[in-house]
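The listed protein sequences correspond, in order, to chains A and B.
With the first letter of the first sequence counted as 1, position 118 gets the number 118 in my numbering; the numbers rise by one all the way through.
With the first letter of the second sequence counted as 1, position 188 gets the number 188 in my numbering; the numbers rise by one all the way through.
Ideal Cβ positions, reconstructed from N, Cα and C, are used throughout, including at glycine.
The structure appears right after this line, and notes come after that.
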Amino acid sequence: MKVVVCVKQIPDPAVPGQLEPDTNTLNRDDKLILDESDSYGVEMALQLVEAAGGGQVSLVSMAPRSETSGLRTALAMGADDAVLISDEALAGSDALGTAKVLGAAIGELEADLVLAGVESSDGYTGTVPEMVAGVMGVPSITFAKHIEISDGVASVQRQTEAGYDQVECALPAVVSVTAGVVEPRYPSFKGIMAAKKKPVDAKDLGALGIDASAVGVAGARQETVDVTDAPEREAGEIITDEGDAHTNIVEFLTELKVI
Amino acid sequence: MTLAQILLFAEGDADGASGLTLELATKARSLADTVTAFAPAHGEAMAAELGAHGVTTVYALEGLGDGLVGVHAAAALAAHIDAASPDAVFFGQTTDGRDTAARLAVLADRPVSTNNVGAQIVDGGLVTEEPIFGGTQNIYTAYRAPTPALAMFRPKSFEAEPSGGGAAAVESVSAVDPGEAGRATVTGRHAEERSGPQLDDATVVVSGGRGLGQPDAYSMVDELAGLLGAASGASRAIVDAGWVPYAKQVGQTGKVVKPNVYIACGISGATQHLVGMKGSKNIVAINKDPEAPIFGVADLGIVGDVHKVMPALIEALKSR
């Protein structure tokens with residue numbers, strides 16, 4: 001079984017984000033890391049291939065400056081190889097532009113199953129996996145919390161507002177994996193060393209036959225007209241507990257007529 | 001200045017339209033002369049409420065059956081927008097809303113504006129407002145692709161207010177075969193057990209986070225919530241860790257809540273969490289780290305151990 005996992009390499013979420021002054025897109029100049037949201041897709045892929053008795057886990061990522069540090073983390077977890085699409089014309093791409101690129105790259109890999117995180121930690125539109133499926137013309141099942149593959153059919157528990165739906169679908173298909181549903185493994189030392197030698201196939205837009213006008217800032221066809229600071233909440237009262245701070249909460253709730 | 005027509009992606013169940021759908025209907029009618037709705041299911045059941053919130057016609061999709069909403073609704077929507085030519089299509093940021101908008105974006109080859117909390121019409125075009133960097137800044141974006149503009153909105157961005165209108169007319173819309181992409185089928189639907197107030201509409205919410213230390217300690221959150229008639233919620237950290245189900249998650253992923261009082265217990269206040277609760281009217285935070293970002297939004301912050309403060313608070317409330 002061949003599983004392709006979409007992974008995004010993002011600026012460290014622990015560092016405050018910044019916008020590019022001219023395009024108001026997210027500044028990605030610093031080192032990029034594997035989006036934690038995608039580690040669940042990678043782990044799910046590894047588990048499914050193990051359950052199938054073998055196969056291949058390939059990563060697909062779109063990133064500036066041929067960045068590979070996040071990819072190496074996923075390769076160290078156990079993925080076999082990666083395709084990296086990097087091109088200056090991709091800067092400022094929106095979800096649809098990203099999906100066009102990922103869909104074209106994945107289409108060349110003849111995957112049985114495509115996995116992705118439900119949403120990235122930086123852009124969090126939650127639309128890219130469904131769009132990738134749309135570009136590829138295949139079914140998609142989003143917000144998966146459990147996946148089983150048997151005889152070329154995926155059985156998926158899909159989160160809903162009320163609970164979950166059981167969904168069946170013949171492969172190939174795109175499935176987006178909800179954060180937290182599997183425990184991503186930590187790369188072992190051996191895995192980290194092996195990852196350095198695993199193949200990363202670098203491509204540009206031309207190699208995928210995509211016109212630069214369909215992607216990037218121009219392809220996004222949206223214009224930032226203003227950026228404002230949100231009003232801050234007024235500072236409240238901070239009390240250090242000396243054993244009776246609960247009484248302050250009781251008073252506060254009483255004032256608000258909650259109790 | 002207003003648009004001629006906004007089409008609303010209407011979600012609900014046999015009991016009527018969802019709160020988010022009515023919020024969007026209310027906003028849409030302030031931006032457009034005519035508001036119509038497309039319902040992938042339950043069109044008839046929602047017609048009265050949608051009409052009362054300003055929607056004139058509900059286009060009800062027939063024959064969804066066991067298909068997934070996103071791919072089937074998008075195929076029918078693509079045909080419908082060609083015929084009806086709305087200026088914008090509004091979606092709620094829900095599971096099915098995201099799927100449908102994403103599929104439609106590919107079919108119609110135009111972007112989707114996501115995670116919005118506001119909208120206005122400027123020079124005849126849609127400008128949306130999206131909070132970024134954990135809600136510390138707002139970014140305003142003009143839609144420059146051909147109409148209809150596709151835009152998604154976060155829950156609780158607008159107040160739902162009735163317009164006094166009668167029931168909306170219901171017109172059937174035939175299903176459009178999405179081909180191979182439509183072959184996934186729903187074989188079972190499972191509702192998680194719900195008891196007590198729900199996160200979406202509770203006036204008081206008590207949430208727990210990693211500071212609780214271990215899964216058992218979440219029982220303190222439930223007990224405190226019970227005493228206050230509150231809904232219980234959670235940070236993503238303990239949902240990811242498997243302590244409580246996803247349905248309890250408050251944040252960027254998960255539910256957006258705006259209760260009268262939000263009590264955060266052992267939650268540090270990652271931006272992921274703040275986005276989902278900083279609109280609460282009053283915020284109480286209990287955390288042992290005085291530097292925790294949650295104190296930046298708290299009206300009353302207690303620097304202390306949840307294992308001491310919460311039991312004392314529970315005892316005090318019980319003895320009242």
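> CA-CA distance, residue 289 of chain B and residue 303 of chain B?
Replying inline: 7 Å
>> Using 8 Å for Cβ pairs, my map puts residue 40 of chain A next to residue 132 of chain A. What's the rounded Cβ distance?
In response: So it is not a contact: roughly 17 Å between Cβ atoms.
>> Would the region 166–181 of chain A count as touching the region 234–250 of chain B if we require 3 or more Cβ pairs under 8 Å?
In response: yes
>> Check whether the region 263–276 of chain B and the region 132–142 of chain B touch, using three or more Cβ-Cβ pairs below 8 Å as the test.
In response: yes
> Among residues of its own chain, excluding the 5 on either side of residue 116 of chain A, which ones have a beta-carbon nearer than 6 Å to its beta-carbon?
Replying inline: 6, 41, 129, 176
> Hey, how far is the Cα of residue 87 of chain B from the Cα of residue 147 of chain B?
Replying inline: 5 Å
>> By alpha-carbon positions, which one of B/52, B/96, B/1 ends up nearest to residue 164 of chain B?
In response: B/52
> Taking Cβ-Cβ distances below 8 Å as the criterion, which residues of the region 157–186 of chain B are in contact with chain A?
Replying inline: 179, 180, 181, 182, 183, 184, 185, 186
> Looking at chain B, which residues of the region 163–183 of chain A have a Cβ within less than 8 Å of any of its Cβ atoms?
Replying inline: 163, 164, 165, 166, 167, 168, 169, 170, 173, 178, 179, 180
>> If you reduce the DSSP assignment to three classes, tell me which class residue 2 of chain B lands in.
In response: Coil at residue 2 of chain B, not helix or strand.
> Would you report the Cα separation of residue 105 of chain B and residue 96 of chain A, rounded to the nearest angstrom?
Replying inline: 7 Å
> Hey, quick one: how far does the alpha helix (DSSP H) through residue 310 of chain B stretch, first residue to last?
Replying inline: 306–318
>> If you reduce the DSSP assignment to three classes, tell me which class residue 214 of chain B lands in.
In response: In the structure shown, residue 214 of chain B sits in coil (DSSP, three-state: anything other than H, G, I, E or B).
> Identify the residues that DSSP records as bridge partners of residue 189 of chain A: which are they?
Replying inline: DSSP output for residue 189 of chain A lists no bridge partner at all.
> For the 8 Å Cβ check, are there 3 or more pairs between the region 112–128 of chain B and the region 177–195 of chain B?
Replying inline: no
>> Going by beta-carbon coordinates alone, are residue 104 of chain A and residue 208 of chain A separated by less than 8 Å?
In response: yes
>> Mapping the DSSP letters down to three states, classify residue 129 of chain A as helix, strand or coil.
In response: Assignment of residue 129 of chain A by DSSP, reduced to helix, strand and coil, places it in the helix class.
> What do you reckon, are the CB atoms on residue 58 of chain A and residue 83 of chain A nearer than 8 Å?
Replying inline: yes
> Should residue 141 of chain A be labelled buried (16 or more other beta-carbon atoms within 10 Å of its own) or exposed?
Replying inline: Looking at its Cβ environment, which holds 16 or more other Cβ atoms inside 10 Å, residue 141 of chain A is buried.
> Which residues in the same chain have their Cβ closer than 6 Å to the Cβ of residue 71 of chain B, if we skip the five residues on either side of it in sequence?
Replying inline: Closer than 6 Å at the Cβ level, and outside the excluded window around residue 71 of chain B, lie 103, 178, 181, 182.
>> Can you look up residue 42 of chain B in the DSSP assignment and give me helix, strand or coil?
In response: coil
>> Run through chain A and tell me which residues come within less than 8 Å of residue 113 of chain B, C-beta to C-beta.
In response: Those are 222, listed as they occur along chain A.
> alpha helix (DSSP H) containing residue 273 of chain B: first to last residue?
Replying inline: Where residue 273 of chain B is concerned, the enclosing alpha helix (DSSP H) stretches over 271–277.
> When DSSP labels each residue in this structure, what does residue 114 of chain B get in the three-state scheme?
Replying inline: DSSP places residue 114 of chain B in strand when its eight states are reduced to three.
> Mind pulling the chain A residues with CB within less than 9 Å of residue 214 of chain B?
Replying inline: Neighbours of residue 214 of chain B on chain A: none; closest Cβ ~17 Å, over 9 Å.
> Applying the criterion that 16 or more other CB atoms from any shown protein chain within 10 Å of the CB defines a buried residue, is residue 222 of chain A buried or exposed?
Replying inline: buried
> Where does the unbroken beta strand (DSSP E) through residue 147 of chain A begin, and where does it stop?
Replying inline: 140–150
> Per the contact definition of three or more C-beta pairs closer than 8 Å, is the region 148–160 of chain B in contact with the region 18–25 of chain B?
Replying inline: yes
>> Can you tell me which residues form a DSSP beta bridge with residue 189 of chain B?
In response: As computed with DSSP, residue 189 of chain B is found in a beta bridge with A/165.
> In chain A, what lies closer than 9 Å to residue 68 of chain B by C-beta?
Replying inline: The answer, in chain order, is 139, 140, 141, 142, 158, 165, 167, 169.
> Name the DSSP beta bridge partners of residue 266 of chain A, please?
Replying inline: Not covered by the structure: residue 266 of chain A. The range shown for chain A is 1 to 259.
>> Which same chain residues end up closer than 7 Å to residue 1 of chain B when comparing Cβ atoms and leaving out the 5 residues on each side of it in sequence?
In response: 121, 124
>> Is there a C-beta anywhere in chain A that falls below 8 Å from the one on residue 188 of chain B?
In response: yes
>> On a Cα-Cα basis, can you pick out the residue from B/34, B/77, B/294 that is closest to residue 41 of chain B?
In response: Looking at the Cα atoms, B/77 is the closest of the given residues.
>> Which residues of the region 188–208 of chain B have a Cβ closer than 7 Å to any Cβ of chain A? Give them in chain order.
In response: 188, 189, 190, 191, 192, 204
> Looking only at DSSP bridge pairs, what is residue 160 of chain A linked to?
Replying inline: In the DSSP output, where bridge partners are listed per residue, residue 160 of chain A has none listed.
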